[in-house]
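In the UniProt record's numbering, the protein residues as written are 1 to 185.
Step one of this worksheet: look at the structure below.
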Amino acid sequence: MREKIKKVASKKEFLIAAFLVSLLVVIYFKNNPPKRVDWNMVSWGKSPASLIIIGPSEIPGAGTPFKISLDLDTNEYLINAIQANIEYDPAVLEALKLDTTDSFCKLYIENKYQNEKGLVKVACGLPSPGFKGKNRVLTIDFIAKSFSNTTIRVREDSMIMANGKKGINILKNFDSKIIRVRVAV
């Protein structure tokens, strides 16, 4: 009989303890709800997204037209928008045309060049769920104006915005390209 009483008492103690633990868990999570993980921002060792300048290293002389492309690599992040500010020396190069036909972007806020400032600006995006992968954002037609070494670079005020409510800038690599405009022989 005593054994039976001990078993019933231990079951009661167990049930009371389980109830108290459950109650504490409910009270804790009511006041401290678990934070939602943005799996788009979990990098697992990946490098951030990049804007990459593709083009020739050498131009055969002043007056020669050439093309520079700006490529996007999201490194498997989902993105919604980019703002690319490309800087060049207006004494050496002149932008003639911007081509965005191959871009993932569907909405353009800004798509212009300013030769007096030596600046190309593109701001564009795509609604949710956005874009993931590699893509050509734009191609710039330039003409070389003088013989010199010059640099085309992605300015640090450029951005690649991650898909999500916070719109976090995931652009960390700002590419540049040195171009030599040589004397034609």
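Here a beta-carbon is modelled for each residue, glycine too, at the ideal position from N, C-alpha and C.
First through last residue of the beta strand (DSSP E) which encompasses residue i
i: residue 177; result: 176–181
Secondary structure of residue i, DSSP reduced to three states
i: residue 110; result: strand
i: residue 49; result: strand
i: residue 39; result: Residue confidence for residue 39 is low, a pLDDT of 48 falling below 50, so the modelled location carries little weight and cannot support an answer.
Cβ separation of residue i and residue j, assumed to be a contact under 8 Å, to the nearest whole Å
i: residue 72; j: residue 134; result: 7 Å
i: residue 85; j: residue 129; result: No, residue 85 and residue 129 are not in contact; Cβ-Cβ is about 26 Å, not under 8 Å.
i: residue 160; j: residue 49; result: 4 Å
i: residue 104; j: residue 131; result: 4 Å
i: residue 138; j: residue 87; result: Not a contact, Cβ separation roughly 15 Å.
i: residue 95; j: residue 140; result: 6 Å
i: residue 102; j: residue 155; result: So it is not a contact: roughly 22 Å between Cβ atoms.
i: residue 63; j: residue 182; result: About 12 Å separates the two Cβ atoms, so there is no contact after all.
Interface flag, residue i vs chain B, CB-CB below 8 Å
i: residue 146; result: Absent from the structure: chain B. Only one protein chain is present.
Query raised in the report: Along the chain, which unbroken stretches of the beta strand (DSSP E) at least 3 residues long are found entirely within the stretch 67–100?
Result: As far as the stretch 67–100 is concerned, its whole beta strand (DSSP E) runs of at least 3 residues are 79–87 and 93–99.
Requested in this report: Would you be able to state if there are at least three C-beta pairs under 8 Å between the stretch 113–127 and the stretch 69–88?
Outcome: The answer is yes - the stretch 113–127 touches the stretch 69–88, with three or more Cβ pairs under 8 Å.
Query raised in the report: Which runs of the beta strand (DSSP E) spanning at least 3 residues fall entirely within the stretch 98–170, listed in chain order?
Result: Taking only runs of at least 3 residues, the beta strand (DSSP E) segments lying wholly in the stretch 98–170 are 107–114, 119–125, 134–144, 148–154 and 159–162.
Query raised in the report: Should the stretch 145–163 be called in touch with the stretch 100–111, which here means at least 3 C-beta pairs below 8 Å?
Result: The stretch 145–163 is not in contact with the stretch 100–111.
Requested in this report: Please confirm if the stretch 164–184 is in contact with the stretch 48–60, defined as three or more CB-CB distances below 8 Å between the two stretches.
Outcome: The stretch 164–184 vs the stretch 48–60: in contact.
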